[in-house]
Each structure stands twice: as C-alpha cells, then as structure tokens.
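See structure below.
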Amino acid sequence: MADSKTWPDGYRCAVVLTVDYNDIHGILTQAPEVAGRDKTLSVWRYGTQRGVERLLGLFEELNVASSWFIPGIVAEENPAHVRAIQAGGHEIACAGYRHQNYDHLDLAAQSADIARGCEALETLTGQRPSGFRIPAGNGAPGFIQALKDQGIRWSSSWRGDDLPFAHPTAPEVIELPLHYELEDEPYFAFNLSPAVPPAQSRIASYSHTLSNLQMDFAGFHRFGLCYVLRLHPEIIATPGRIGVLRELLEGIQQHDDVWMATGADVARWWAGSAPPVTDDHPAAVYERHYRDYLA
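First residue of the sequence shown: 0, per numbering that gives the first Met the number 0; consecutive thereafter.
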C-alpha cells in the first residue's frame with residue numbers, strides 16, 4: 000500500500016487517461032491481410048471519423064487532461080486531429096512511426112522507429128514527445144536505454160506493478176504500468192471477418208464492464224495506487240460506450256483526493272520523489288534474466 004507521501008498535495012491516488020490513436024495502422028499490424036479491404040478497415044477508421052472528436056468533447060466537458068500515444072504516420076495523415084488534441088491541453092506521446100510489431104525488429108530498428116516517430120510528432124506539434132508506448136510486441140535488450148537516448152522520460156508499456164517505477168538500467172525513464180482489465184480493447188474490440196479477436200469472443204456487457212472499471216478504481220483508490228486507463232477512439236467513443244466512460248470519470252471526479260494528471264506529470268513527480276526499485280521488483284528480475292541470457 001502506498002503511504003501518504005506517495006502523491007503530491009495529499010492526494011490519495013493518481014488517475015492517468017491514455018488514448019492509443021492508431022487509425023487503421025493498429026489493425027494492419029495485427030492482421031496485415033486486411034490491407035485494401037475498406038469495409039473491414041472502416042471499423043478502425045471510425046476513430047478518426049467520429050471517435051477522436053467525441054473523446055475530446057467529453058474530456059473538455061469534464062475538464063480532464065489525457066495522454067495520447069500516436070504513431071508518426073497517423074499524425075502525418077491526420078494533422079488536424081493531432082492539432083486539436085494538442086489545443087485541448089492534452090499530451091502528445093509517441094508510439095513509434097508505423098505501428099510495427101517490435102518483436103520483429105532488432106534494437107537498431109526499434110531505436111530508428113522511435114526516432115522517426117518522435118521527429119514526425121515534433122514537426123507537427125513543435126514539441127518533442129517525452130512519453131512512449133510500444134505499439135505491439137516487446138523491446139529488445141537495451142530498449143529502455145534507447146528510449147532514454149531519444150529523450151523519452153516515461154513509458155507505459157509494461158505491466159507487473161500498480162505504481163510507477165524507474166527502470167533499473169535507465170532510472171531516468173519512469174514506467175506507468177498497465178493492466179488488461181483497465182483497457183477497452185479486451186472488452187469491446189470485435190470484427191467478424193477477419194475475426195477480431197481471433198477466438199471471436201462476444202462483445203462484453205456495457206454495464207458489467209463499467210462495474211469492473213469502477214471496482215478496479217475503488218481498489219486502486221483504497222490502496223493509493225496509479226490507475227492507468229488505456230482507451231482507443233474507435234472502441235470507447237461509440238455513442239453508447241462513451242456513456243460508459245462518462246459515468247466512470249464522473250464517479251472518479253466525486254473523490255477530491257484523486258490526482259487526475261497526464262503521464263508526463265505523474266512521471267515527473269515520481270522521478271523526483273520515489274526510491275529506486277528493489278532487487279525483487281519484476282523490472283529488476285527481468286533485467287537480471289536478460290543479462291544472464293545474453294551471457
């Protein structure tokens with residue numbers, strides 16, 4: 000359990016809203032065979048057609064800031080949306096350039112993809128991103144150092160914890176961990192042909208999903224942790240599901256001891272106040288195993 004000094008100004012817990020804005024490039028990584036199939040691609044283009052605007056409208060109405068992970072190619076293809084996100088006071092973070100599966104790239108290629116993605120976003124927004132999320136797959140050995148070398152100061156790609164942590168090999172990079180149950184995709188992502196997800200599960204109940212998210216928040220709030228939501232405009236921003244998000248956020252805002260902040264804000268606070276990770280932390284264990292493997 001976190002103590003009373005974990006968060007600034009006496010806040011009990013932190014909430015970070017993150018949005019993965021991939022347009023069609025996410026599904027092209029997951030299912031390359033859909034290239035050129037406009038009917039299928041339209042499911043994911045919905046984020047650009049309607050979802051981004053609807054999310055920005057809700058965030059403005061509730062006066063909350065968020066962090067958007069955007070591949071460079073998506074920014075180049077949709078500059079008006081990216082400028083609107085920035086104008087709304089939201090953080091622009093990087094997800095590489097072309098939404099690639101990093102399992103298929105060596106460290107040099109991963110680093111080049113990060114650099115190209117950051118450069119594309121900086122060209123459009125005038126600000127170099129300080130945050131990063133792996134679009135798919137895993138970083139190669141040395142990946143965290145590569146993030147640091149590209150000016151990245153926080154990441155939200157790993158799991159394995161409920162609080163941020165500094166990466167052992169590059170403490171300048173703060174990780175904001177994810178949980179699958181705090182993402183919209185496992186509940187709602189669906190397409191018939193090709194089947195997405197491959198096992199073809201049904202679309203989850205909206206009320207049950209809302210209850211899950213609320214119960215998780217109650218636990219994160221009770222224990223003083225960092226609640227990181229991972230959203231997608233094509234998934235959560237349909238006319239019905241945006242109501243799920245609204246009700247969740249309005250409930251969170253009823254607590255005056257919750258710090259709703261961008262990923263950059265939380266990472267900056269954590270970097271200046273938190274102790275190094277212990278030897279038994281999952282990140283430290285992971286790094287030791289990698290070193291043993293390479294040896």
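Think of the CB as a built atom: it goes at the ideal place given N, C-alpha and C, for glycine as much as any other residue. Here the structure is a predicted model, which means the values were calculated and not measured.
- With 16 or more neighbouring CB atoms inside 10 Å of its own CB, P128 falls in the buried class.
- Residues P7 of the same chain have their beta carbon placed closer than 7 angstroms to that of W268, with the five preceding and five following residues left out of the count.
- In this model, A94 and I234 are separated by some 18 angstroms (Cα to Cα).
- Residue pairing for S66: DSSP places it in a beta bridge opposite T17 and E90.
- Here N190 is near T39, since their CB atoms are less than 8 angstroms apart.
- In the structure shown, N211 adopts helical secondary structure according to DSSP, grouped into three states.
- With a cutoff of 8 angstroms on beta-carbon distance, R11 and D256 are scored as near each other.
- Scanning its chain for C-beta atoms nearer than 7 angstroms, with the 5 sequence neighbours on each side dropped, one finds around D160 the residues P176 and P281, in chain order.
- As the crow flies, the alpha-carbon of L120 is around 30 angstroms from that of P196.
- It is roughly 17 angstroms from the alpha-carbon of G150 to the alpha-carbon of L123.
- Apart from sequence neighbours up to five positions away, the residues of its chain that approach N137 with a beta-carbon distance below 8 angstroms are Y101 and D102, ordered along the chain.
- DSSP assignment within the region 219 to 249 yields the following whole alpha helix (DSSP H) runs of 4 residues or more, N-terminal first: 232 to 235.
- Between I202 and R53, the C-beta gap is not smaller than 8 angstroms, which leaves the two residues out of contact.
- Around the Cβ of Y179, a 10 Å sphere holds fewer than 16 other Cβ atoms; the residue is exposed.
- Look at P185 here: in three-state DSSP terms it is helix.
- Taking C-beta separations shorter than 8 angstroms and ignoring five residues to either side along the sequence, the partners of F187 in its chain run I202, A203, T208, I234, I235 and R240, following chain order.
- Note: W153 is bridge-paired with G130 and I173 in the DSSP secondary-structure output.
- V276 sits in coil when the DSSP states are folded into three classes, being neither helix nor strand.
- Secondary structure remark: continuous alpha helix (DSSP H) runs of at least 4 residues inside the region 26 to 53, in chain order: 37 to 45.
- In this structure T17 is not in contact with L244, their Cβ atoms being roughly 13 angstroms apart against a cut-off of 8 angstroms.
- Exposed is the label assigned to P238, since fewer than 16 other Cβ atoms lie within 10 Å of its Cβ.
- F58 and S154 have their C-alpha atoms spaced approximately 22 angstroms apart.
- Looking at the backbone, the Cα of N211 and that of L247 are separated by about 10 angstroms.
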